[in-house]
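A short write-up of the structure that comes next.
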Amino acid sequence: MYHHIKKLMYTVNVGTPDVAFGNMLLEQFGGANGELAAAMQYTIQGWNCVDDLARRDLLLDIGTEELSHLEIVGALIRMHLKPMKEKREAAEADPLVCIAGGGGLALTNSMGNAWTGDYLKISGELDVDLRSNIAAEARAKIVYERLINHTDDPGTVDALQFLMTREITHMKAFSAALESLEKPPFSIGRLAVTPELVDEYFNASTGDGDEGDSDMRGPWQTSFGLQPVESQMNGGKGLSVGSVDGVAGYEARGKQDAGQKATTATKVKTVDSKSVPDNRDAAQTGRQATMADEPISSR
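FYI, in the numbering used here the residues of the sequence shown are 1242 to 1540.
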């Protein structure tokens, strides 16, 4: 159940309207990294999260706050676009916004492209969704920085500063939720990756470029157990594709499956303790989940 309170989360005051800037602000209303996309992404993730009610509450808290941010951005846009309703010169700055939208809000980005659900990142896997949300907050923070750089109106700058700051607040909350799962950072999903292959950094960009670039080295080639591997085209051995041999095993889940579940959650064990085939080129078969109290057959 939603209940709207008419007072803004942050009071918006625009001193000097700027129609062109109002158009820029549409990016945070109906754009890929805007507040509507964030609100829908976190809320739908929350509705789907029946296996961890604590983190569902987090997703719905922040998703609902993002709707409040959308309202603030909407107020900023309306105030900056106000001259479109009064002066033809202002209307000519963007006929699409003025004529099609009446100089008001529309679910479009700053280029006039319609908002789409394709912007949303919803995987149904809690830790993956939390990582997506951390990245979404980072992108939104950058957009607000760029908007601040293109306005001198003090009230607008303050409102954008408020919104930009809350992006980092949400990033902290999502990061804490992910960390509290106590799940290894590179343990994604339910099935383990191939051991030898996963640690090979493929040096696929070599030679000297026209901009002073060359074959560089950095910690991204040697950290977290990584080892550089040269391409066969460059005299190296290439990736250890021969190490792929059926199912490697199970990923560490941490506390991901131990949260309080909704009454509507399915009665399943998240990870099946099926045996791992040891024969080469074995078919990757077997279930990833079994019903509660259901015996698990071994192979």
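Note that beta-carbon positions come from the ideal geometry of N, C-alpha and C, so glycine has one too.
Residue burial classification, residue i (beta-carbon count within 10 angstroms, cutoff 16)
{"i": "residue 1356", "result": "buried"}
{"i": "residue 1470", "result": "buried"}
{"i": "residue 1409", "result": "exposed"}
{"i": "residue 1283", "result": "buried"}
{"i": "residue 1457", "result": "exposed"}
{"i": "residue 1418", "result": "buried"}
{"i": "residue 1318", "result": "buried"}
{"i": "residue 1501", "result": "exposed"}
{"i": "residue 1270", "result": "buried"}
{"i": "residue 1262", "result": "buried"}
{"i": "residue 1274", "result": "buried"}
{"i": "residue 1377", "result": "buried"}
{"i": "residue 1538", "result": "Low per-residue confidence applies at residue 1538: pLDDT is 48, beneath 50, and the placement is therefore not dependable, though the value from the model is reported in the following sentence. Classification of residue 1538: exposed, given that the 10 Å Cβ count is below 16."}
{"i": "residue 1454", "result": "exposed"}
{"i": "residue 1400", "result": "buried"}
{"i": "residue 1337", "result": "exposed"}
Reduced DSSP secondary structure (H/G/I, E/B, other) of residue i
{"i": "residue 1402", "result": "helix"}
{"i": "residue 1385", "result": "helix"}
{"i": "residue 1497", "result": "coil"}
{"i": "residue 1520", "result": "Below a pLDDT of 50, predicted positions are generally treated as unreliable, and residue 1520, at 48, falls in that range; no measurement from the model is reported."}
{"i": "residue 1251", "result": "coil"}
{"i": "residue 1325", "result": "helix"}
{"i": "residue 1376", "result": "helix"}
{"i": "residue 1290", "result": "coil"}
{"i": "residue 1409", "result": "helix"}
{"i": "residue 1242", "result": "coil"}
{"i": "residue 1363", "result": "coil"}
{"i": "residue 1437", "result": "helix"}
{"i": "residue 1515", "result": "Unreliable positioning characterises residue 1515 in this predicted model, as indicated by a pLDDT of 49, which lies under 50. The coordinate reading is nonetheless provided below. If DSSP states are grouped into helix, strand and coil, residue 1515 belongs with coil."}
{"i": "residue 1425", "result": "coil"}
{"i": "residue 1483", "result": "helix"}
{"i": "residue 1279", "result": "helix"}
{"i": "residue 1284", "result": "helix"}
{"i": "residue 1320", "result": "helix"}
{"i": "residue 1458", "result": "coil"}
{"i": "residue 1337", "result": "helix"}
{"i": "residue 1310", "result": "helix"}
{"i": "residue 1304", "result": "helix"}
{"i": "residue 1272", "result": "coil"}
Cβ-based neighbour list, residue i, same chain, cut-off 7 Å, excluding 5 preceding and 5 following
{"i": "residue 1445", "result": "1472"}
{"i": "residue 1304", "result": "1280, 1283, 1284 and 1287"}
{"i": "residue 1249", "result": "1312, 1313 and 1316"}
{"i": "residue 1365", "result": "1289"}
{"i": "residue 1440", "result": "1466, 1467 and 1468"}
{"i": "residue 1462", "result": "1442 and 1469"}
{"i": "residue 1251", "result": "1313, 1400 and 1403"}
For residue i, the residue or residues it bridges with in DSSP
{"i": "residue 1349", "result": "1355"}
{"i": "residue 1262", "result": "Answer by DSSP bridge pairing: none, since residue 1262 is not bridged."}
{"i": "residue 1444", "result": "1471"}
{"i": "residue 1491", "result": "1432"}
Contacting residues, own chain, Cβ-Cβ under 6 Å from residue i (five flanking each side not counted)
{"i": "residue 1526", "result": "Because the pLDDT of residue 1526 is 44, which lies under 50, any placement of that residue in the model is unreliable, and the number read from its coordinates should be weighed accordingly. Once the five neighbours on either side are set aside, residue 1526 has no close Cβ partner at all."}
{"i": "residue 1256", "result": "1394 and 1396"}
{"i": "residue 1415", "result": "1371, 1374 and 1375"}
{"i": "residue 1278", "result": "1360"}
{"i": "residue 1438", "result": "1481 and 1484"}
{"i": "residue 1348", "result": "1271 and 1356"}
{"i": "residue 1335", "result": "1264"}
{"i": "residue 1436", "result": "none"}
Assumed close pair residue i, residue j - CB separation to whole angstroms, cut-off 8 Å
{"i": "residue 1253", "j": "residue 1352", "result": "Rounded, the Cβ-Cβ distance is 24 Å, inconsistent with contact."}
{"i": "residue 1291", "j": "residue 1505", "result": "6 Å"}
{"i": "residue 1495", "j": "residue 1382", "result": "Contact flag wrong, Cβ pair sits at about 28 Å."}
{"i": "residue 1432", "j": "residue 1385", "result": "The Cβ separation is near 39 Å, so there is no contact."}
{"i": "residue 1268", "j": "residue 1390", "result": "Between residue 1390 and residue 1268 the Cβ distance is about 13 Å, and since that is not below 8 Å, they are no contact."}
{"i": "residue 1310", "j": "residue 1407", "result": "7 Å"}
{"i": "residue 1404", "j": "residue 1296", "result": "Rounded, the Cβ-Cβ distance is 24 Å, inconsistent with contact."}
{"i": "residue 1489", "j": "residue 1434", "result": "6 Å"}
{"i": "residue 1344", "j": "residue 1326", "result": "5 Å"}
{"i": "residue 1322", "j": "residue 1503", "result": "Going by Cβ atoms, the distance from residue 1322 to residue 1503 rounds to 43 Å, so no, they are not a contact pair."}
{"i": "residue 1493", "j": "residue 1421", "result": "No, residue 1493 and residue 1421 are not in contact; Cβ-Cβ is about 15 Å, not under 8 Å."}
Own chain residues within Cβ distance below 8 Å of residue i, not counting five before or after
{"i": "residue 1266", "result": "1314, 1317, 1318, 1321, 1351 and 1388"}
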